[in-house]
C-alpha cells in the first residue's frame, strides 16, 4: 500500500500544479481592435457626394442617397465635368442654344465610366428573363448652387441627355422629413 500512496501523492501534486490559468484575452482584444478600426474606416466610405465649398445645394426630404456616377458641377463661374473645367457659366447663359456642345462633348468622353458604373450596379426586380432586360442607362449627378437660374440648368440637362445620359439627378442636401 505504501507504493500506491506515493503514487497518489505524486498525482495529487501534479494535478495541483496544472491549474487552468484562465483565458488569454490579449489575442481576443487584438482582433476586436482590428475589427473596430475596419468598421470605422469603412463606414465613412463614399455614401454621399460632398459638394465643394463654392456650391450651396438646395434642401430636400429625399429618402434615397445618390449612387456614384459621373459628376457635373455648376458653379457661379464655370461648369465642371469630373472636376475638369468645360465652359464658363456666363457663356452658357448668353448662348441661345439649348444644347451646349462643350458640355455634350465632355459628357460623351465620360460615357465609358458611366456605363461601367451602371453595369456594376445590381439589377433590381429579379426578372427570370435577364437576357431581355438591357443594361442600366448611364446616369449623371448634377451639383448646382441653389442660386443658379433654371434656364442654365435646363441647358445643362439638355446637353447631358443629348450625350446619351437618360438618368439625370440633381444633388440636394437631405434634411429630416416632415411627417
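In our numbering, the protein residues as written are 331 to 509. Every residue, glycine too, gets a C-beta built ideally from N, C-alpha and C.
DSSP places residue 385 outside any alpha helix (DSSP H), giving it a letter other than H or E.
Between the alpha carbons of residue 501 and residue 426 lies a gap of roughly 26 Å. When C-alpha distances from residue 467 are compared across 485, 412, 442, the shortest belongs to 442.
Annotation note: the segment 396–448 contains the following uninterrupted alpha helix (DSSP H) runs of length 4 or greater, listed N- to C-terminal: 419–424, 431–439. Annotation for residue 486: the continuous alpha helix (DSSP H) segment containing it runs 480–492.
Counting the other Cβ atoms within 10 Å of the Cβ of residue 370 gives fewer than 16, which makes it exposed. The three-state reading of DSSP puts residue 474 in strand, counting E and B together.
Taking C-beta atoms as the reference points, residue 399 and residue 354 fail to come closer than 9 Å. When rounded, the separation of the alpha-carbon atoms in residue 423 and residue 490 is 16 Å.
In the three-state reduction of the DSSP assignment, residue 502 falls in the coil class, being assigned neither a helical nor a strand state. At the C-beta level, residue 482 and residue 416 stay beyond 9 Å of one another. Closest in C-alpha terms to residue 410, from the list 421, 488, 433, 368, comes 433.
A residue is called buried once 16 or more other Cβ atoms fall within 10 Å of its Cβ, and residue 418, having fewer, is exposed. The beta carbon of residue 436 sits closer than 6 Å to the beta carbons of 411, 416 from its chain, once the five residues preceding and following it are set aside; these are given in chain order.
Cβ neighbours of residue 493 within its own chain (closer than 6 Å, five residues either side excluded): 434, 437, 438.
With fewer than 16 other CB atoms across the displayed protein chains lying within 10 angstroms of its CB, residue 428 is exposed.
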